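In the working numbering, the protein residues as written are 16 to 138. First comes the structure, then the notes that go with it.
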(Lines of atoms letter the chains of each structure in order from A and count residues from 1; the text may use other names and numbers.)
(Lines give C-alpha, C1' and ligand atoms only; values in the text may rest on other atoms or scores of the structure.)
Protein backbone atom coordinates (compact mmCIF):
# COMPACT_ATOMS: atom_id res chain seq x y z
CA UNK A 1 0.00 0.00 0.00
CA UNK A 2 1.31 3.41 -0.95
CA UNK A 3 0.04 6.80 0.19
CA UNK A 4 0.89 9.88 -1.86
CA UNK A 5 0.23 13.37 -0.55
CA UNK A 6 0.04 16.15 -3.16
CA UNK A 7 0.34 19.45 -1.32
CA UNK A 8 0.04 23.10 -2.36
CA UNK A 9 3.14 25.20 -2.93
CA UNK A 10 4.95 25.79 0.37
CA UNK A 11 8.28 27.31 1.32
CA UNK A 12 9.75 23.96 2.38
CA UNK A 13 8.87 20.29 1.80
CA UNK A 14 6.66 19.99 4.91
CA UNK A 15 5.38 23.56 5.28
CA UNK A 16 6.55 23.54 8.90
CA UNK A 17 8.77 26.59 8.59
CA UNK A 18 8.54 30.34 8.50
CA UNK A 19 6.87 32.74 10.91
CA UNK A 20 3.23 31.78 10.20
CA UNK A 21 2.88 27.98 10.24
CA UNK A 22 -0.59 26.50 9.71
CA UNK A 23 -1.19 24.52 12.95
CA UNK A 24 -2.50 21.56 10.94
CA UNK A 25 0.88 21.01 9.25
CA UNK A 26 2.98 20.01 12.32
CA UNK A 27 0.26 17.59 13.39
CA UNK A 28 0.06 16.07 9.92
CA UNK A 29 3.86 15.84 9.72
CA UNK A 30 3.88 14.00 13.07
CA UNK A 31 1.13 11.66 11.87
CA UNK A 32 3.08 10.88 8.69
CA UNK A 33 6.24 10.14 10.69
CA UNK A 34 4.22 7.94 13.07
CA UNK A 35 2.83 5.95 10.14
CA UNK A 36 6.24 5.69 8.47
CA UNK A 37 7.59 4.36 11.76
CA UNK A 38 5.06 1.54 11.47
CA UNK A 39 6.37 0.68 8.01
CA UNK A 40 3.89 2.54 5.79
CA UNK A 41 5.05 3.86 2.42
CA UNK A 42 4.18 7.58 2.27
CA UNK A 43 5.45 10.16 -0.18
CA UNK A 44 4.77 13.88 0.13
CA UNK A 45 4.94 16.12 -2.93
CA UNK A 46 4.97 19.89 -2.59
CA UNK A 47 3.95 21.77 -5.74
CA UNK A 48 6.82 24.26 -5.45
CA UNK A 49 9.49 21.76 -4.36
CA UNK A 50 8.58 18.64 -6.39
CA UNK A 51 6.32 19.56 -9.33
CA UNK A 52 7.19 16.52 -11.51
CA UNK A 53 4.86 14.05 -9.72
CA UNK A 54 1.96 16.51 -10.21
CA UNK A 55 2.60 16.60 -13.95
CA UNK A 56 3.12 12.84 -14.21
CA UNK A 57 -0.16 11.80 -12.55
CA UNK A 58 -3.22 12.07 -14.83
CA UNK A 59 -5.75 11.99 -11.96
CA UNK A 60 -3.95 14.78 -10.11
CA UNK A 61 -3.65 16.87 -13.28
CA UNK A 62 -7.38 16.46 -13.96
CA UNK A 63 -8.26 17.63 -10.44
CA UNK A 64 -5.87 20.58 -10.65
CA UNK A 65 -7.53 21.66 -13.90
CA UNK A 66 -10.67 22.30 -11.80
CA UNK A 67 -8.75 24.51 -9.36
CA UNK A 68 -6.18 24.51 -6.60
CA UNK A 69 -8.78 23.96 -3.87
CA UNK A 70 -8.30 20.21 -4.33
CA UNK A 71 -4.92 20.42 -2.55
CA UNK A 72 -3.87 18.77 -0.40
CA UNK A 73 -4.93 15.63 -2.26
CA UNK A 74 -4.31 12.16 -0.90
CA UNK A 75 -3.99 9.07 -3.09
CA UNK A 76 -3.91 5.52 -1.79
CA UNK A 77 -2.56 3.04 -4.30
CA UNK A 78 -3.20 5.58 -7.05
CA UNK A 79 -6.83 6.31 -6.11
CA UNK A 80 -7.93 9.69 -4.75
CA UNK A 81 -9.31 9.29 -1.24
CA UNK A 82 -9.22 12.90 0.02
CA UNK A 83 -9.24 16.42 -1.44
CA UNK A 84 -8.88 19.87 0.06
CA UNK A 85 -7.87 19.02 3.62
CA UNK A 86 -5.31 17.05 5.57
CA UNK A 87 -6.55 13.73 6.92
CA UNK A 88 -6.52 12.80 10.58
CA UNK A 89 -4.26 10.13 12.04
CA UNK A 90 -7.31 7.90 12.26
CA UNK A 91 -8.03 8.31 8.53
CA UNK A 92 -4.41 7.56 7.63
CA UNK A 93 -4.50 4.47 9.84
CA UNK A 94 -7.77 3.30 8.29
CA UNK A 95 -6.40 3.62 4.75
CA UNK A 96 -3.33 1.57 5.67
CA UNK A 97 -4.99 -0.93 7.98
CA UNK A 98 -3.05 0.23 11.04
CA UNK A 99 -4.93 -0.03 14.31
CA UNK A 100 -5.00 3.02 16.55
CA UNK A 101 -6.01 3.24 20.14
CA UNK A 102 -5.30 5.15 23.28
CA UNK A 103 -1.63 5.66 23.87
CA UNK A 104 -0.23 3.50 26.61
CA UNK A 105 2.51 5.07 28.64
CA UNK A 106 4.34 3.18 31.29
CA UNK A 107 5.73 5.36 34.03
CA UNK A 108 8.29 3.93 36.38
CA UNK A 109 8.19 5.64 39.73
CA UNK A 110 11.64 6.44 41.09
CA UNK A 111 12.30 5.54 44.70
CA UNK A 112 12.06 8.39 47.12
CA UNK A 113 15.25 10.21 47.88
CA UNK A 114 13.62 12.72 50.13
CA UNK A 115 14.53 16.29 49.30
CA UNK A 116 12.05 18.70 47.77
CA UNK A 117 9.83 15.98 46.32
CA UNK A 118 8.95 14.34 49.59
CA UNK A 119 8.41 10.66 50.35
CA UNK A 120 6.06 9.96 47.40
CA UNK A 121 8.70 10.17 44.68
CA UNK A 122 9.60 12.72 42.08
CA UNK A 123 7.62 15.87 41.42
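Just so you know, even glycine gets a beta-carbon here, dropped at the ideal spot from N, CA and C. Predicted, not measured: the structure shown is a model, and the values here were computed from it.
According to DSSP, is residue i helix, strand or coil?
i	result
residue 103	coil
residue 88	strand
residue 56	strand
residue 96	strand
residue 39	helix
Go through its chain and collect everything with a Cβ distance to residue i's Cβ below 7 Å, but skip five positions before and after it.
i	result
residue 84	99
Using only the alpha-carbon positions, how far apart do residue i and residue j sit?
i	j	result
residue 138	residue 103	Because residue 138 carries a pLDDT of 47, less than 50, the predicted location of this residue cannot be relied on, and no value is offered for it.
residue 25	residue 37	11 Å
residue 106	residue 60	19 Å
residue 23	residue 68	13 Å
residue 87	residue 42	14 Å
residue 7	residue 96	Nothing in the structure corresponds to residue 7, since the chain is present only between 16 and 138.
Leaving out five residues on either side along the sequence, give the residues of the same chain with a beta carbon under 6 Å from the beta carbon of residue i.
i	result
residue 18	57, 91
residue 108	115
residue 111	16, 55
Here's a check: name, in chain order, each residue in its chain whose Cβ is nearer than 8 Å to the Cβ of residue i, leaving out the five neighbours to either side.
i	result
residue 49	104
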